[in-house]
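>
Number of protein chains: 2
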Amino acid sequence: MATSDLIAQFILNAIEESENGFAELRRSGLAERFSVVPSQINYVIQTRFSPEHGYIVESRRGGGGYIKITRVRHSPRSLVMNTINSVGTSLDLRTAYAFTENLYSEEIIGPQIRKLILAAVSDNALRPVEPSGRDTVRAAIYKNILLNLLGE
Amino acid sequence: MATSDLIAQFILNAIEESENGFAELRRSGLAERFSVVPSQINYVIQTRFSPEHGYIVESRRGGGGYIKITRVRHSPRSLVMNTINSVGTSLDLRTAYAFTENLYSEEIIGPQIRKLILAAVSDNALRPVEPSGRDTVRAAIYKNILLNLLGE
DNA sequence: CATTTTGACTTTCCCTGACTATAATAAGCT
DNA sequence: AGCTTATTATAGTCAGGGAAAGTCAAAATG
Numbered sequence: 001m002a003t004s005d006l007i008a009q010f011i012l013n014a015i016e017e018s019e020n021g022f023a024e025l026r027r028s029g030l031a032e033r034f035s036v037v038p039s040q041i042n043y044v045i046q047t048r049f050s051p052e053h054g055y056i057v058e059s060r061r062g063g064g065g066y067i068k069i070t071r072v073r074h075s076p077r078s079l080v081m082n083t084i085n086s087v088g089t090s091l092d093l094r095t096a097y098a099f100t101e102n103l104y105s106e107e108i109i110g111p112q113i114r115k116l117i118l119a120a121v122s123d124n125a126l127r128p129v130e131p132s133g134r135d136t137v138r139a140a141i142y143k144n145i146l147l148n149l150l151g152e
Numbered sequence: 001m002a003t004s005d006l007i008a009q010f011i012l013n014a015i016e017e018s019e020n021g022f023a024e025l026r027r028s029g030l031a032e033r034f035s036v037v038p039s040q041i042n043y044v045i046q047t048r049f050s051p052e053h054g055y056i057v058e059s060r061r062g063g064g065g066y067i068k069i070t071r072v073r074h075s076p077r078s079l080v081m082n083t084i085n086s087v088g089t090s091l092d093l094r095t096a097y098a099f100t101e102n103l104y105s106e107e108i109i110g111p112q113i114r115k116l117i118l119a120a121v122s123d124n125a126l127r128p129v130e131p132s133g134r135d136t137v138r139a140a141i142y143k144n145i146l147l148n149l150l151g152e
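Structure representation (structure tokens):
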């Protein structure tokens with residue numbers, strides 16, 4: 001398992017353990033704990049705690065600086081609608097994963113639907129589509145599934 | 001016996017031995033073990049662990065990369081596997097409907113899943129794909145969904 | 001001639017380090 | 001004391017190197 005995964009897990013755990021739904025961390029301390037350069041913490045945050053994943057990140061530099069990562073919560077319906085709106089005409093695989101995990105962890109979709117969505121928009125499923133066109137197709141499929149999810 | 005068969009055997013064995021029904025492998029390591037070039041592993045996977053064979057393949061590149069091969073648990077005679085194998089490389093919308101209705105009436109999928117499958121392979125979802133190519137994409141998506149849905 | 005094997009090239013992801021930006025605190029200066 | 005400047009302590013950005021896995025088509029094999 002890559003170090004970035006471990007760091008992500010650590011942050012996730014810190015948020016879970018917290019009362020208020022956020023973790024306040026020292027970038028330098030975290031880097032030291034995992035024996036990586038500080039900028040790797042930024043990498044982990046950018047790749048795993050983006051708004052698409054359902055987090056907001058605040059920070060402050062200088063003495064007493066910190067990074068605060070908060071899990072955001074929407075009402076179920078607005079989250080689905082927000083997600084649909086966030087998907088433009090193009091959607092890369094990573095972002096699709098992030099959106100779907102977010103919907104899943106908010107319990108808006110169950111494990112089966114999560115699997116269905118990921119299967120439908122995976123590169124495996126889109127194999128016949130030219131790589132350069134996949135993100136466009138992915139976006140269309142993704143939005144269409146979510147729209148049908150809304151109209152129960 | 002060809003080396004590819006030995007590699008396939010090895011992978012099969014690894015899956016059997018595993019608790020969870022999947023094997024997580026390092027492509028480079030496997031290639032080295034059998035003294036072949038890494039891309040031969042891809043060849044083995046493509047020819048022997050395809051969806052039609054009942055396997056799900058996931059992977060990750062970069063540091064800490066891996067290939068994960070999951071055997072979908074259900075008898076090869078099941079309606080799902082039959083459906084997957086009936087799809088082939090092309091699937092028109094009417095046939096997709098028919099297959100899905102069949103799965104629904106056999107109570108293998110529920111109403112919501114039925115709806116979402118159809119949403120995923122509808123012409124609306126595939127709008128960015130040129131009409132002449134849609135059936136091919138539809139087939140790939142359809143098979144992938146079915147396979148993943150039943151590998152719970 | 002179908003299948004297997006190979007290798008050159010591409011893509012993705014992780015990790016690092018040099019450089020930049022900002023905030024708090026300490027040190028000087030009037 | 002109050003203002004300005006230097007120092008120190010953080011965090012942010014970006015480009016690049018390296019470690020995997022993916023793709024594709026040509027060559028070898030049976």
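Note that the protein sequences, when read in sequence, are chains A and B. Numbering-wise, the first sequence is residues 1 to 152 according to the numbering used here. Numbering-wise, the second sequence is residues 1 to 152 according to the numbering used here. All residues carry an ideal CB built from backbone N, CA and C; glycine is no exception.
#1: Would you tell me roughly how many angstroms separate the C-alpha atoms of Ile84(B) and Gln46(A), rounded to the nearest one?
#2: Looking at Leu116(A) and Leu116(B), is the spacing between their C-beta atoms short of 8 Å?
#3: Do you know whose CA, among Val87(A), Ile41(A), Asp5(A), Arg73(A), lies nearest Ser59(A)'s CA?
#4: Within 8 Å, do at least three Cβ pairs link the segment 9 to 27 of chain B to the segment 64 to 78 of chain B?
#5: Scan the segment 114 to 130 of chain B for residues whose Cβ lies nearer than 9 Å to a Cβ of chain A and list them as they occur along the chain.
#6: With 16 other CB atoms within 10 Å as the buried threshold, where does Arg138(A) fall?
#7: On the CB-based measure, 16 or more other CB atoms within 10 Å of its CB, does Lys143(B) come out buried or exposed?
#8: Tell me the DSSP secondary structure of Ser105(B) in three-state form.
#9: So that I know if they touch, is there some Cβ in chain A lying closer than 8 Å to that of Asn42(B)?
#10: How long is the line joining the alpha carbons of Phe34(B) and Ile7(B), rounded to whole angstroms?
#11: Quick one: grab the DSSP three-state call for Arg61(B).
Once the coordinates are examined:
#1: By one-based count along the second sequence, residue 84(B) stands at place 84. By one-based count along the first sequence, residue 46(A) stands at place 46. When rounded, the distance between both Cα atoms is 38 Å.
#2: Residue numbering aside, residue 116(B) sits at position 116 when the second sequence is read from its first letter. Residue numbering aside, residue 116(A) sits at position 116 when the first sequence is read from its first letter. Yes. Within cutoff.
#3: Within the first sequence, the letter at position 59 stands for residue 59(A). With distances taken between Cα atoms, Ser59(A) lies closest to Ile41(A).
#4: yes
#5: Lys115, Leu116, Ile117, Leu118, Ala119, Ala120, Val121, Ser122, Asn124, Ala125, Leu126, Arg127, Pro128, Val129
#6: Position 138 of the first sequence, counted from the start, is the residue given in the question as residue 138(A). Answer is buried; the Cβ neighbour count reaches 16.
#7: Translated into the one-based positions of the second sequence, residue 143(B) becomes position 143. In the assembly as shown, Lys143(B) is a buried residue. Its beta-carbon has 16 or more other beta-carbons within 10 Å.
#8: Here residue 105(B) refers to the residue found at position 105 when the second sequence is read from its first residue. Helix at Ser105(B).
#9: For the purposes of this step, residue 42(B) is taken as residue 42 along the second sequence, with counting starting at 1. With 8 Å as the cut-off, Asn42(B) does not count as an interface residue toward chain A.
#10: In the second sequence, the residue the question calls residue 34(B) occupies position 34. In the second sequence, the residue the question calls residue 7(B) occupies position 7. Between Phe34(B) and Ile7(B), the C-alpha separation is close to 7 Å.
#11: Position 61 of the second sequence, counted from the start, is the residue given in the question as residue 61(B). Coil, per DSSP.
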